[in-house]
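In our numbering, each number is its position in the sequence shown, counted from 1, plus 105.
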Amino acid sequence: MEVQETRVQTDRVLTIPNILSTARLFGVPLFLWLILRPEFGGPKSDLWALLVLALSGVSDYLDGMLARRWNQISSLGRILDPAADRLYILSTLIGLTWRDILPLWLPVVLLAREVVLVAMVWILRRHGYPPPQVNFLGKAATFNLMYAFPLLLLSDGSGPLHTTAAIFGWAFAGWGTTLYWWAGVLYVVQVRRLVKADAAAD
Numbered sequence: 106m107e108v109q110e111t112r113v114q115t116d117r118v119l120t121i122p123n124i125l126s127t128a129r130l131f132g133v134p135l136f137l138w139l140i141l142r143p144e145f146g147g148p149k150s151d152l153w154a155l156l157v158l159a160l161s162g163v164s165d166y167l168d169g170m171l172a173r174r175w176n177q178i179s180s181l182g183r184i185l186d187p188a189a190d191r192l193y194i195l196s197t198l199i200g201l202t203w204r205d206i207l208p209l210w211l212p213v214v215l216l217a218r219e220v221v222l223v224a225m226v227w228i229l230r231r232h233g234y235p236p237p238q239v240n241f242l243g244k245a246a247t248f249n250l251m252y253a254f255p256l257l258l259l260s261d262g263s264g265p266l267h268t269t270a271a272i273f274g275w276a277f278a279g280w281g282t283t284l285y286w287w288a289g290v291l292y293v294v295q296v297r298r299l300v301k302a303d304a305a306a307d
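What follows is the structure in C-alpha cells.
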C-alpha cells in the first residue's frame, strides 16, 4: 500500500530540506572516491567513507522530518531524496564490487530492479501519471541496504570485528534485496491496475 501524504506539496526550491538533499548528492562522488582510493594506490580511507555515509543517513532523516514539520514538502524534494538514496546505493555497489567485497551477482540483481522501475515510470508517463510515491517496503529496503553496505565495507579485513560485520552485513543485504524486489513487484502491480483502469475507461 502506498504511503499517502496529506500535507500540501509546494513548488518551492530554496528550502532547508532541499538544501540538505542537495548536500547529500554532493557527497556521493566524495564517498565513491574514498572507497576506491586503495585501488589507485592511495591509503585505505574506509573510516572516512563510513563517516560520509553516516552523515548522509543523518541528513536523510532530517530532510524528511523537517519537510513534514515545516510543511516544506516540495516537488523538487520528492525527486532529490530518492535520487540521493539511489546514487549512494549505486556508488557503494560500484566501489564494493570493484574491491571484490561484493560478488557481481548482487549489483546485477539490484540494478535489474531499477531497470524494471524505470520501465514502469515510462509506462506511467505515457498514460499521464506521475512516478509512484515511495512505499513503506521501498523505504525499508533502502534502510536495510544502507545498513548492509557500511558493514560489508567494514568487513574488509581479518579479526572478530570484521567477521561480525560480515555476518550482520550479509543479513541486512539479504533482507534489503528481498524487500527491494518486493517493493518493485508492488510498483508493477500498481502500474498494471492503472493501465487496466485506463483501458476500461476508454
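By construction, the Cβ of each residue, glycine as well, lies at the ideal position given by its N, Cα and C atoms. Nothing here was measured: the structure is a model prediction, and the numbers come from that model.
Going by the beta-carbon positions, is the gap between residue i and residue j smaller than 7 Å?
i, j, result
"L256", "G281", "no"
"L284", "A246", "yes"
"I228", "V296", "yes"
"A271", "G243", "no"
"D151", "P122", "no"
"L207", "L215", "no"
Under 7 Å Cβ to Cβ from residue i, same chain only, skipping five residues before and after it: list those, please.
i, result
"S164", "L125, A128, R129"
"V300", "I228, H232"
Please work out which residues of its chain come closer than 8 Å, Cβ to Cβ, to residue i, disregarding the five sequence neighbours upstream and downstream, and give them in chain order.
i, result
"D303", "H232"
"R191", "E219"
In whole angstroms, give me the CA-to-CA distance for residue i and residue j.
i, j, result
"G262", "A172", "40 Å"
"G162", "W138", "18 Å"
"S196", "F145", "16 Å"
"A159", "R230", "35 Å"
"S260", "T268", "6 Å"
Consult DSSP for residue i and reduce its assignment to one of helix, strand or coil.
i, result
"T282", "helix"
"R112", "Here the model assigns R112 a pLDDT of 47, short of 50, so the residue's position is not dependable and the matter cannot be decided."
"W203", "helix"
"K301", "helix"
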